[in-house]
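Once you know that position 252 of the sequence shown is 251 in numbering that gives the first Met the number 0, the rest is easy, because the numbers rise by one and skip nothing.
Here's the structure, in C-alpha cells; my notes come after.
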Amino acid sequence: MKSDFVFLLSFIPAAAFAQAAPSPGQPDWLSGQTSEYPSSAFVTGVGLGLTEEKAADKARAELSKFFGVKIVSEFKSYMRETSTGKGSSMEKDVSDAVNSFTYQMIEGSEVPKYWRDQEGAVYALAVLDRSATLKRLDGKLDELDREFRSDSELLSKTEGKFSRLKYALDLVRLSKSRKDFNRMYRILSPDGKGKPGPDTKEVLSDARKAIRTISVRVVASGENTSAVGARFIDELTSYGLKAVVAGERKESDILVEAHGEAQNLRPTDLTWFWAKGAMVVRLSYGSTGDVFKRFEESVQEASRDPGSAADAALLRLADRSAKRVFQVITTEDLSDD
C-alpha cells in the first residue's frame, strides 16, 4: 500500500500541496490552510492516495506529525506495528502508551473533504478539533495525577524492598507518561502552557532510591555467554534495576541463572538462514538460594548471514527472558524476609 503513495509523490512533490497556492479548480485546503477550519481551532492534515480510504489514512498520519508522533500511513496496521516492535524498556512502554492514546485520538478525527485531480489521485483533509482534544488530554492528565498520588501514598506506607519496588517503578513510569502527555497539551493549548500537576521531585527521589535498593546478579551459561549476559544486564538496567553479571558482585537480592542454546536449521533457500534456540531461566533469592521461579523461552530467528542466525536467536532469547524476569520481580508476591 505504501508504494502507491511513493509512486505518486515522484510526480507530485509533497510540498506542492502543503505550501503552494492552489491552482484554479483546486480547493483551498489543499494548500494546508482553509478558512473553514482555521488553525486556531483545528489541526489539519492533507493526505494523498489512489483511493479515498488510503488518502484518509495518510491525512490522519499527517495529523500525528503535529504532535511529533510517528504513526504509519496504513492506519489499521498501527497497533500491530507498535505491539511487535523491538525493545521492552520502560521508555518504550511509555512511548507505546502515548502512541496508542494518540492513535485513538487521531482515529476519532474527521475527514470532511475529498478532492480528485485530473490524473485520478485522491486528496483528503483530516481535521482534529483542538478544544475537544484538549478536554481528552485534560482527563488523561487528571487520571495520571490520581494514580501518582495513590502510588505515592502507598509507597510511603509500605515496608519491604520488594513490595516498595512495585510502587516505585510505577511512579517513575507515571512521571514519564505525564511529561509526554503534557507536551501534547502544551502544543494544543492556546497559551502554549501545560497543565500543572503534583510536586513530584521528592516522591521520585524516594522512588529511585527504592529501585536502586534491589540488586540482581545474572549468571549466563551455555552458548555465547558473554553477549547473552550483557544483553540481560542492558535490558534489566533499562528498567532502572541494579543488575550485574556474575563475578562483579557476590551478594545480591535476586540471582538469575540463564542457560541458552541455539542451533542452525537446514536452509531452504540462500536468502534467509534460520536458527532455533531455547533458554531456561531460574530465579532464586540471593540470601537463601531458594528458587521462587523457573521458566523457559524458545524462539526461531532469521539472518541473511548464515553465521549469525544462532547468535541472533540467543540475543532475542535474552531480551525476552529479561523482560519476563522483570515481570516476575514486579508482579509476583516475593518475600521481603
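Quick reminder that beta carbons are idealized off the backbone N, C-alpha and C, glycines included.
Going by the CB atoms, is the gap between residue j and residue i shorter than 8 Å?
i: E51; j: Y113; result: yes
i: S214; j: K241; result: yes
i: G196; j: R177; result: yes
i: D150; j: D169; result: yes
i: S220; j: L254; result: no
i: A261; j: A312; result: yes
i: L143; j: L164; result: no
i: L235; j: F291; result: no
i: V110; j: A123; result: yes
i: D304; j: N223; result: no
i: L47; j: A54; result: yes
i: A206; j: L314; result: no
i: D335; j: S162; result: yes
i: N263; j: A308; result: yes
Exposed or buried, what is residue i when buried is set at 16 or more other beta-carbons lying within 10 Å of its beta-carbon?
i: T43; result: buried
i: F294; result: exposed
i: E152; result: exposed
i: E106; result: exposed
i: D318; result: buried
i: L316; result: buried
i: S286; result: exposed
i: K57; result: buried
i: R265; result: exposed
i: E296; result: buried
i: G288; result: exposed
i: D268; result: exposed
i: S251; result: buried
i: G276; result: buried
i: A131; result: exposed
Who are the near neighbours of residue i in its chain, counting only those whose CB is closer than 8 Å to its CB and skipping five residues on each side?
i: Y184; result: L133, L136, D137, L140, G193 and K194
i: T329; result: L164, K165 and L168
i: T83; result: Reliability fails at T83, whose pLDDT of 36 lies under 50, so the model's placement of it is uncertain and no value is given.
i: S38; result: Q32
i: F147; result: L170, L173, S174, R177, G196, P197, T199 and V202
i: S22; result: For S22, the pLDDT reaches just 49, beneath the cut-off of 50, and the residue's location in the model is therefore unreliable, although a value from the coordinates is still provided. Taken in chain order, the list of residues that qualify is empty.
i: R323; result: V280, F294 and E296
i: K64; result: G44
Tell me which same chain residues have a C-beta within less than 7 Å of the C-beta of residue i, skipping the five on either side of it?
i: S108; result: R59, L62, A125, V126 and L127
i: F66; result: T101, M183 and I186
i: R281; result: E256, V290 and R293
i: V244; result: V217, G228 and I232
i: V327; result: L282 and K292
i: V279; result: H258 and E295
i: G191; result: R185
Using DSSP's beta-bridge definition, name the partner residues of residue i.
i: A125; result: G44
i: N98; result: Paired residue(s): none; N98 is not in a bridge.
i: K112; result: L124
i: E295; result: V279
i: S302; result: F272
i: V338; result: Missing from the structure shown is residue 338; the chain here goes from 0 to 336 and no further.
i: L254; result: R216 and S283
i: A131; result: None; A131 has no bridge partner.
i: A261; result: G276
Please work out which residues of its chain come closer than 6 Å, Cβ to Cβ, to residue i, disregarding the five sequence neighbours upstream and downstream, and give them in chain order.
i: A301; result: W271 and W273
i: Y36; result: T43 and V126
i: A321; result: F231, E234 and L235
i: F325; result: Y238
i: G306; result: none
Which full runs of the alpha helix (DSSP H) of 4+ residues lie inside the region 168-246, going along the chain? Fully enclosed alpha helix (DSSP H) runs of no fewer than 4 residues occupy 200-212 and 224-236 of the region 168-246, in order along the chain.
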